[in-house]
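There are 2 protein chains.
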Amino acid sequence: MPPPRASALGVPPPVRRAPGRPREQILNRDLIADAAFAQIRTSGLRGLTMRALARRLAVTPSALYNHVASRDAVLALLQERFAATLDTTGFGILPLRDALSKWAWSYLERLRERPELVPLIVAVPLAHTPYTTLMYQRVVTGFSAAGWPDESIIAAMSVLETYIFGAVADSESPDDVYRPKDPERSPLLARTTAAFAATVAERGRRPRDLLFEIGLEALLTGMHHRWGSSGRTRA
Amino acid sequence: MPPPRASALGVPPPVRRAPGRPREQILNRDLIADAAFAQIRTSGLRGLTMRALARRLAVTPSALYNHVASRDAVLALLQERFAATLDTTGFGILPLRDALSKWAWSYLERLRERPELVPLIVAVPLAHTPYTTLMYQRVVTGFSAAGWPDESIIAAMSVLETYIFGAVADSESPDDVYRPKDPERSPLLARTTAAFAATVAERGRRPRDLLFEIGLEALLTGMHHRWGSSGRTRA
DNA sequence: ACCTGAACACCGTTCAAGT
DNA sequence: ACCTGAACACCGTTCAAGT
């Protein structure tokens, strides 16, 4: 597959501009971040190239380097803005399990809107971005206030995050991946997929939402069982 | 970050060969697949370029196109070989929980070796590939023989798979993503990351392996709790 | 049929020149 | 200080030429 051709659709006509410092500044980090989100939305992480970003902003690629150090710095900028959209309002107010559920569902929903950010979130070291650190601090404080032992907390949070990443990956999957093409040759697979479909219909949920909930509750129950925290203590 | 420089380390010296059809055929799809696996192992998916692949095979890049249609076709070739490598030998022999653990660990390990296959595995309907249907049938039969109710089995298997996909995504993440850059400003985050690191050291495990085990056990415990299966019955 | 080598259209990043 | 434009070292893919 050849690389996608540059398309002028939706891109403003290139502004011919004389070299040298412009009278009014054209770029700033906010404009770059907005354009990067737009670019990643239409073309994916692979399509977020410095040249494409520059085209979208009607500047030359090298102009970007006056505001960001590298392409990786652009990715960090996006990650920072993503972390700020997660719902941590439950911690300190609701019981831990409810606060975690609120956080996890918002995390899933935000990532489902932008699944292309998963590789980004996973790849960029969070510790270097201030807002992201703050977000994790809130979650960890929630666990700690609910009485979970120190050595359990990072593991519990990390496992939840792992599960969320997997659920996002699954979001792009069709609903009936397991249904056999030939039911007669795989009767048990046919029967269990039908039974699950019946449960889904009965509850009136979207299959992947029901699955997410089942896994989330199983994880919280299982980890509570392991570490002996109540999971119902106020965070 | 500039792109990695081409390195001649481990690459055989280029064979000067006259143009035109060689007397003996040099390439075939098996050789290409083997070289692609080797390349991906040493340099990651990003490092699996057609040029690098060609260098490894001591041919020019364009020679590859006599045997594969595109770079994507190379990835599909790798995916074909994946399905047959998962360990389902525990089902019907070991207790369900052990059989599942064996399957899940092999799944994780195979995908960690080739994480670029995750999007393909998720997107491509499994029912169309012969090995994969057989593989899922074995897993489902294991649950059923252990007494799990029909409506629980697809959900349980799906949630496990979701968690595995997430764990694979995390495999590319650095180990210390949560450690704050400034411990004084995030004392609880500093304390809990240290406590987790201590647990890891004490058990002598790799951090992500310990995390995977914790989540896997939590999921199985939690789902067992929900559906009341023993999880210890022979599969 | 199956290889080489040149070519085309990309990519991230650097840097001198210009205002 | 902040832009342009040329340059460097990459990339996937195509295709005429050669045996």
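Protein chains in written order, with full-length UniProt numbering: chain D, 1 to 235; chain F, 1 to 235.
The beta carbon of each residue, even a glycine, is placed where N, CA and C say it ideally should be.
Please read all numbers here as calculations on a predicted model, not as lab measurements.
Closer than 9 angstroms to the CB of V159/D there is at least one CB belonging to chain F. Under the Cβ criterion (8 angstroms, minimum of three pairs), the segment 68 to 83 of chain D counts as touching the segment 37 to 52 of chain D.
Note that the C-beta distance between I121/D and L134/D is not below 9 angstroms. Beta-bridge partners assigned by DSSP to P187/F: none are found.
Contact check between the segment 168 to 177 of chain F and the segment 156 to 168 of chain D: three or more CB pairs, one atom from each, fall below 8 angstroms, which counts as touching. In this chain, the alpha helix (DSSP H) harbouring G222/F covers P207 to W227. Within the same chain, Cβ atoms closer than 7 angstroms to the Cβ of V140/D are found at I153 and M157, the five residues on either side in sequence being excluded. Three or more Cβ pairs closer than 8 angstroms define a contact, and the segment 95 to 105 of chain D falls short of that threshold against the segment 22 to 36 of chain D.
Secondary structure of P115/D (DSSP, three-state): helix.
Nearest in C-alpha terms to R179/D, of all of I93/D, T193/D and L188/D, is T193/D.
Sixteen is the threshold: when 16 or more other Cβ atoms of the shown chains lie within 10 Å of the Cβ of P207/D, as they do, the residue is buried. Within chain F, no C-beta atom comes nearer than 8 angstroms to that of V74/D; the closest sits roughly 12 angstroms away. Cβ neighbours of R226/F within its own chain (closer than 7 angstroms, five residues either side excluded): none. Excluding five sequence positions before and after L78/F, the CB atoms of its chain that fall closer than 7 angstroms to its own CB belong to A33, A36, F37, R114 and L117, given in chain order. Taking each of R138/D, G215/D and P61/D in turn and checking the Cα distance to L108/D, the smallest one comes out for G215/D. Counting along the chain, R21/F sits inside no alpha helix (DSSP H), nor does DSSP assign it H or E at all.
At a cut-off of 9 angstroms between beta-carbon atoms, H67/F makes no contact with chain D. Residues of the same chain with a CB within less than 6 angstroms of the CB of I40/D, apart from the 5 flanking positions on each side, are L48 and E116 in chain order.
Identification of residues in the segment 84 to 109 of chain F having a C-beta nearer than 7 angstroms to some C-beta of chain D yields an empty set. When the Cα atoms are used, D209/D and P149/F turn out to be separated by approximately 20 angstroms.
Apart from the 5 residues on each side of it in sequence, R138/D sits with its Cβ closer than 6 angstroms to the Cβ of T88 and F91 in its chain, given in chain order. Taking 9 angstroms as the cut-off, the beta carbon of A83/D is found closer than this to the beta carbon of T132/D.
Linking K181/F to R97/F through their CA atoms gives a straight-line distance of about 40 angstroms. Among the residues of chain D, none has a CB under 8 angstroms from the CB of Q79/F; the nearest is roughly 15 angstroms distant.
Within the same chain, and ignoring the five residues on either side of S106/F in sequence, the residues whose Cβ sits closer than 7 angstroms to its Cβ are L86 and D87. Under a criterion of Cβ atoms nearer than 8 angstroms, the residues of chain D adjacent to S144/F are, in order, L188 and T192. Under the Cβ distance rule, A218/F counts among the residues neighbouring chain D, one pair being separated by less than 9 angstroms. Residue E151/D holds the alpha-carbon nearest to the alpha-carbon of E202/F among E151/D, A145/D, A63/D and Y65/D. Neighbours of Y136/D across chain F, judged by C-beta separation under 7 angstroms: Y178 and L189.
Taking 4 residues as the minimum length, the alpha helix (DSSP H) runs contained wholly in the segment 22 to 100 of chain F are 29 to 47, 50 to 57, 61 to 64 and 71 to 82, in order along the chain. I93/D and E213/D have their C-alpha atoms spaced approximately 22 angstroms apart. Look at D34/F: its C-beta is not under 9 angstroms from any C-beta on chain D. F165/D belongs to the set of residues whose beta carbon lies under 9 angstroms from a beta carbon in chain F. For the pair L53/F and L64/F, the CB atoms are nearer than the 9 angstroms cut-off. In this structure T129/D is buried. Its beta-carbon is surrounded by 16 or more other beta-carbon atoms within 10 angstroms.
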